[in-house]
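Take a look at the structure set out below.
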Amino acid sequence: MTKQEVIRLVLEGRQPPYVPWSMGFTKEAEEKLREHYGCSDVEGPVENHLLKLGSDIGLFTELGDDRVQDAFGVVWDRSIDKDIGNVVGCLLPEPTLAGHDFPDPLDPRFFENIPRKIAQFPDRFRVFQVGFSLYERAWTLRGMQNLMMDFLVHPDFVHELFDTIADYNIAEVRESLKYDIDAVYFGDDWGQQRGLQMGPRIWHEFIYPVLKRMYGVVAEAGKFVMIHSCGDVDELFEDLILAGVNCFNPFQPEVMDVYSLLPQYRGRLAFHGGLSTQRTLPFGAIEDVRAETRRLLELGRNGGYIFAPAHDVEGDVPLENMLAAIELVQQQPAARR
Numbered sequence: 014m015t016k017q018e019v020i021r022l023v024l025e026g027r028q029p030p031y032v033p034w035s036m037g038f039t040k041e042a043e044e045k046l047r048e049h050y051g052c053s054d055v056e057g058p059v060e061n062h063l064l065k066l067g068s069d070i071g072l073f074t075e076l077g078d079d080r081v082q083d084a085f086g087v088v089w090d091r092s093i094d095k096d097i098g099n100v101v102g103c104l105l106p107e108p109t110l111a112g113h114d115f116p117d118p119l120d121p122r123f124f125e126n127i128p129r130k131i132a133q134f135p136d137r138f139r140v141f142q143v144g145f146s147l148y149e150r151a152w153t154l155r156g157m158q159n160l161m162m163d164f165l166v167h168p169d170f171v172h173e174l175f176d177t178i179a180d181y182n183i184a185e186v187r188e189s190l191k192y193d194i195d196a197v198y199f200g201d202d203w204g205q206q207r208g209l210q211m212g213p214r215i216w217h218e219f220i221y222p223v224l225k226r227m228y229g230v231v232a233e234a235g236k237f238v239m240i241h242s243c244g245d246v247d248e249l250f251e252d253l254i255l256a257g258v259n260c261f262n263p264f265q266p267e268v269m270d271v272y273s274l275l276p277q278y279r280g281r282l283a284f285h286g287g288l289s290t291q292r293t294l295p296f297g298a299i300e301d302v303r304a305e306t307r308r309l310l311e312l313g314r315n316g317g318y319i320f321a322p323a324h325d326v327e328g329d330v331p332l333e334n335m336l337a338a339i340e341l342v343q344q345q346p347a348a349r350r
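Count the sequence shown with my numbering and you get residues 14 to 350, in order.
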């Protein structure tokens with residue numbers, strides 16, 4: 014059975030022959046693994062089941078001094094966070110889109126890696142990624158504090174901004190659907206350590222209708238919808254299921270009870286993540302990592318689960334802890350057939 018077929022079983026609510034996995038790593042963590050494996054690309058030795066396509070968080074131009082600019086014109090300071098960075102300045106200082114042009118959603122750089130990567134890993138489940146897919150893209154353009162005020166003071170502008178972002182994403186997604194992909198993975202952080210950043214009323218009024226429109230394009234094409242939202246957002250699961258979501262990531266154990274939620278939603282919503290990146294991976298002993306990994310694999314053996322750390326593994330995680338999780342998932346008997 015191919016990796017692609019195993020993931021399909023999980024997303025369809027059926028029992029797979031083993032628990033599949035797909036782990037992500039920051040640049041610092043990935044460098045440790047490259048040195049360990051003696052390779053330039055860890056996708057081979059890690060043997061992930063998801064094949065990530067597209068550009069995820071976007072296309073960037075180097076500006077120097079640890080700064081980059083994305084396709085929307087937002088400047089990011091990567092002096093500390095080497096993977097994403099922190100927004101510098103405010104591209105939309107006023108609540109209007111007048112005079113502001115969005116980039117080309119059909120830029121060929123979004124799609125140029127798809128045929129090559131599918132040919133390189135033909136057995137994997139093919140996922141086109143759209144990062145900063147709505148709320149996050151809005152606040153990177155407008156500023157977090159400004160957008161929070163706009164929800165209350167300039168609601169018409171927020172609706173226009175969100176609809177424009179959605180139109181951009183839908184055009185990109187429709188182009189991706191011309192390729193032989195299996196799913197679209199939307200990234201958009203709504204949560205914090207406790208509850209939603211904007212609260213449930215605002216989320217349902219401004220964000221949810223737009224999500225249904227974006228996710229619907231994927232579902233209507235017969236593809237799977239996978240999403241990422243950091244934080245405590247399990248109060249949204251029923252709404253997300255109704256919107257067509259098949260899989261939720263990152264499934265953070267610090268903010269939700271993964272051991273009760275997975276059985277509760279198995280067959281209706283699958284989960285990707287679960288291994289603590291706030292506590293166990295950076296601060297636990299090797300045996301702590303092994304114990305939590307074993308417990309998650311046991312939880313997921315009946316289906317509905319793709320094993321992974323709850324977020325991309327950070328550079329402060331010891332190499333030995335990364336290898337402890339990788340080796341355990343690879344040692345599942347049916348995974349070696």
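In this text, a Cβ means the ideal position worked out from N, Cα and C, and glycines have one as well.
1) Answer yes if the region 272-288 comes into contact with the region 216-228, meaning at least three C-beta pairs across the two stretches below 8 Å, and no otherwise.
2) Per DSSP, His241 forms a beta bridge with which residues?
3) Near Val13, what residues of its chain come up, given a Cβ to Cβ distance below 8 Å and the 5 sequence neighbours on each side ignored?
4) Return the CA-CA distance between Asn259 and Glu251, expressed in angstroms with no decimal places.
5) Alpha carbon to alpha carbon, what distance is there between Gly112 and Glu267?
6) Using the C-alpha atoms, what's the distance from Gly286 back to Gln142?
7) Given that a residue counts as buried once 16 or more other Cβ atoms are within 10 Å of its Cβ, and exposed if not, what is Asp329?
8) What are the partner residues of Asn99, as DSSP defines its beta bridges?
9) Exposed or buried, which one is Cys52 when buried takes at least 16 other CB atoms within 10 Å?
10) When we look at the beta-carbon of Ile178 and count the other beta-carbons within 10 Å, is it buried (16 or more) or exposed?
11) Given Arg303, which residues of its chain have a CB within under 7 Å of its CB, disregarding the five upstream and five downstream residues?
12) DSSP puts Gln17 in a beta bridge; with which residues?
13) Over what stretch of residues does the alpha helix (DSSP H) that includes His172 continue unbroken?
14) Can Arg139 and Leu64 be called in contact, C-beta distance under 9 Å?
15) Can you grab the Cα-Cα spacing for the pair Asp245 / Leu119, in whole Å?
16) Using only the alpha-carbon positions, how far apart do Leu253 and Val55 sit?
17) Can you tell me which of the three DSSP states Ala256 falls into?
18) Out of Asp90, Arg21, Glu149, state which residue places its alpha-carbon closest to the alpha-carbon of Tyr318.
Working from what's here:
1) no
2) Stepping through the sequence shown from its first residue, residue 241 is reached at position 228. Beta-bridge pairing links His241 to Gly200, Asn262.
3) With the chain covering only 14 through 350, there is no way to say anything about residue 13.
4) Along the sequence shown, one-based indexing puts residue 259 at 246. Along the sequence shown, one-based indexing puts residue 251 at 238. Near 11 Å, if we compare the C-alpha coordinates of Glu251 and Asn259.
5) Numbered from its first residue, the sequence shown carries residue 267 at position 254. Numbered from its first residue, the sequence shown carries residue 112 at position 99. One C-alpha to the other measures close to 43 Å.
6) Start at 1 with the first residue of the sequence shown, and residue 142 comes out as number 129. Start at 1 with the first residue of the sequence shown, and residue 286 comes out as number 273. Roughly 16 Å between the two C-alpha positions.
7) In the sequence shown, residue 329 corresponds to position 316, counting from 1. Classification for Asp329: exposed.
8) Position 86 of the sequence shown, counted from the first residue, corresponds to residue 99. Answer is Asp90, bridged to Asn99.
9) The count along the sequence shown starts at 1 and reaches residue 52 at position 39. Per the 10 Å Cβ criterion, exposed.
10) Here residue 178 refers to the residue found at position 165 of the sequence shown. By the neighbour-count rule (16 or more Cβ atoms within 10 Å), Ile178 is buried.
11) Locating residue 303 in the sequence shown gives position 290, counting from the first residue. Closer than 7 Å at Cβ, skipping near neighbours: Ala337, Leu341.
12) As a working note, residue 17 is residue 4 in the sequence shown. Bridge partners of Gln17: none, in fact.
13) Stepping through the sequence shown from its first residue, residue 172 is reached at position 159. His172 -> alpha helix (DSSP H) spans 168-189.
14) Within the sequence shown, the letter at position 126 stands for residue 139. Within the sequence shown, the letter at position 51 stands for residue 64. Result yes, Cβ atoms of Arg139 and Leu64 sit closer than 9 Å.
15) Translated into positions along the sequence shown, residue 245 becomes position 232. Translated into positions along the sequence shown, residue 119 becomes position 106. Going from the Cα of Asp245 to the Cα of Leu119 covers about 33 Å.
16) Indexing the sequence shown from 1 puts residue 253 at position 240. Indexing the sequence shown from 1 puts residue 55 at position 42. So the alpha carbons of these two residues sit roughly 32 Å apart.
17) The residue given as residue 256 occupies position 243 in the sequence shown. Three-state result, Ala256: coil.
18) Within the sequence shown, the letter at position 305 stands for residue 318. Of Asp90, Arg21, Glu149, the residue nearest in Cα terms is Arg21.
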